[in-house]
Structure formats: C-alpha cells, structure tokens
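Student:
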Amino acid sequence: MAAPDLNFVEFSQRNPCADCPAPCCQLQLIPHRRPTTFMDTDFLHYMLLFPHTEVVVTLTDNWSIVKWEDCRAFEASKHMCKLHNTPAKPRTCSTYNPYNCWYKRSFVLNDSREVYRLDLERFEVWVNEIQFAEDGKSISMPNFERSLDIVKGMPIAPHIGLLSGNASASDPRLPAANQQSENNNRRQMPIGGKESF
Ligand code: SF4
Ligand code: SF4
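Every number in this note's numbering is 3 more than the matching position in the sequence shown, counting from 1.
1) Quick one, are the C-beta atoms of residue 35 and residue 66 less than 8 Å apart?
2) Answer yes or no: the CB of residue 32 versus the heavy atoms of ligand 1, is any distance below 7 Å?
3) Under 8 Å, do residue 166 and residue 28 count as touching if we go by C-beta distance?
4) For the segment 142-152 against the segment 9-22, do three or more pairs of beta-carbon atoms, one drawn from each stretch, fall closer than 8 Å, so that the two count as touching?
5) Of the residues 56, 109, 76, which one's Cα is nearest the Cα of residue 117?
6) Report the option in 20, 98, 136 whose CA atom is closest to the CA atom of residue 243.
7) Any chance the CB of residue 93 is under 7 Å from a heavy atom of ligand 1?
8) Is the segment 118-134 close to the segment 49-61, with three or more CB pairs under 8 Å?
9) Rounding to the nearest angstrom, what Cα-Cα distance links residue 93 and residue 69 in this structure?
10) Can we count residue 76 as close to ligand 1, meaning its CB is less than 7 Å from some heavy atom?
11) Going by other Cβ atoms of all chains shown within 10 Å of its Cβ, with 16 needed for buried, is residue 175 buried or exposed?
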C-alpha cells in the first residue's frame, strides 16, 4: 500500500529514517576512481574476491567500493545508533541530511535506476563487455544504461527492505518525541564524508 500524502507539519514531524533499516550504518562507502586500464579493472576484480564487497557506480559516474559491515555503534536488532544524542556520535553522522536519502534510495527501495551494484558474480559478466587496447587502456566500457541491463535479473545480497509499521514515527530531534520511545536512539544518519550524490 502506498504511503499516505503528508502536509507540511506532518512531514516535518515525521522521522525520515523511521521505516529504514539503515544501510548507512551497515556499509562503508569508499570513493574509488573510475577504472581506465586493464590493471584498474583487475584491481576491482581483486577487491571483489573479498567477501561482503561491492563496486557501486552512480548515474553521475561516481565509483565507490562498498564494504558491508555493521558500524560498531549500530544496534542491529533495533536498527539504532547507540551513540545517538551523545557527543560521541561522529559529526559525519549527526550532520548528514536524511531527507531524500541516497543510501535509502540506492540500497533499500527496489529497482533503483540511480546506481548499479557489482558483486563478484555480476562483475564477471559485466567485465566481458570492456575492450582494451594493446597498451592496456580500456577503449570501450558499458555505459550506465547498458550496465543496468547487464545486471538486471541477477540477484545481489544483501537486499534489504523497508521496516514495517514505522513509517509514521515522529522525528526524534523534536523535544516531545525525545521524551518518548525507542525512536530516541535512532540514528540520524551517517556516512564518511557521507555521500549524497
Ligand atoms: S549513525 Fe554513525 S555512529 Fe551511529 S551506528 Fe550509524 S554509522 Fe555508526
Ligand atoms: S540516513 Fe540511514 S537510516 Fe536514515 S534514511 Fe538514510 S539510510 Fe535510512
């Protein structure tokens, strides 16, 4: 069922993270240069041989390595940050803007057309469409749309969905809400130089 429309006040009081399983606390996004040579491409292959690793490419051609691992401060059973509302919470997290969150759009909502994700299995198919010159420079690479087509239908894990029953929880930054419930501890977003793309 589609979420109900909200007016301004309702929207402003809603916690934008309320129904989100917080991929932002479960992965590290490490910016990486676009591969332009055989050895650049080989390095991505090497990285993907390690578990819980992905290459993520955005519509705007930003390349990153993703390592799926929970932050030490993440309370996975509650999808909460143990450091929320404390001075120990990194400013990288406390200053991140969760509205229209790139992490949520890319890793939680289904069928994102803003990124493509390559794990080892996807990479081994995708990489066959790169052509290299004699000197090792790549002379053609599948573009964004073609890359989406290549990986379409190839499942990738983790594939995490929205939490049920939380969508209307109030914003824990509000004084009234701060006196309530477990939403007090909900993370207010992360990521290392956290990216919004
Ligand atoms: S908000 Fe930041 S510190 Fe808290 S669990 Fe998430 S990544 Fe870790
Ligand atoms: S900041 Fe984290 S918890 Fe909030 S919506 Fe984005 S991914 Fe989800």
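Backbone N, C-alpha and C fix where the C-beta goes; we use that ideal spot for every residue, glycine too.
Tutor: Let me spell this out:
1) Within the sequence shown, numbered from 1, the residue matching residue 35 stands at position 32. Within the sequence shown, numbered from 1, the residue matching residue 66 stands at position 63. A contact, by the Cβ cut-off of 8 Å.
2) Taking the sequence shown and counting its residues from 1, the one referred to as residue 32 is at position 29. False, no ligand heavy atom lies under 7 Å from that Cβ.
3) Mapped onto the sequence shown, residue 166 falls at position 163. Mapped onto the sequence shown, residue 28 falls at position 25. It is not a contact, given that the beta carbons lie outside the stated cut-off.
4) Proximity of the segment 142-152 to the segment 9-22 falls short of the contact definition, fewer than three beta-carbon pairs being nearer than 8 Å.
5) In the sequence shown, residue 117 corresponds to position 114, counting from 1. Out of 56, 109, 76, 109 has the C-alpha closest to the C-alpha of residue 117.
6) Nothing can be reported for residue 243, as the shown portion of the chain is limited to 4 through 200.
7) Looking up residue 93 in the sequence shown gives position 90. Yes, the Cβ of residue 93 comes within 7 Å of a heavy atom of ligand 1.
8) By the Cβ rule, the segment 118-134 counts as touching the segment 49-61, because three or more pairs are nearer than 8 Å.
9) Start at 1 with the first residue of the sequence shown, and residue 93 comes out as number 90. Start at 1 with the first residue of the sequence shown, and residue 69 comes out as number 66. For the pair residue 93 and residue 69, the Cα-to-Cα distance works out to about 20 Å.
10) Translated into the one-based positions of the sequence shown, residue 76 becomes position 73. At least one heavy atom of ligand 1 is found less than 7 Å from the C-beta of residue 76.
11) Here residue 175 refers to the residue found at position 172 of the sequence shown. In this prediction, residue 175 has a pLDDT of 48, which is less than 50 and means its spatial position is unreliable; what the coordinates show is noted afterwards. By the 10 Å Cβ count, residue 175 comes out buried.
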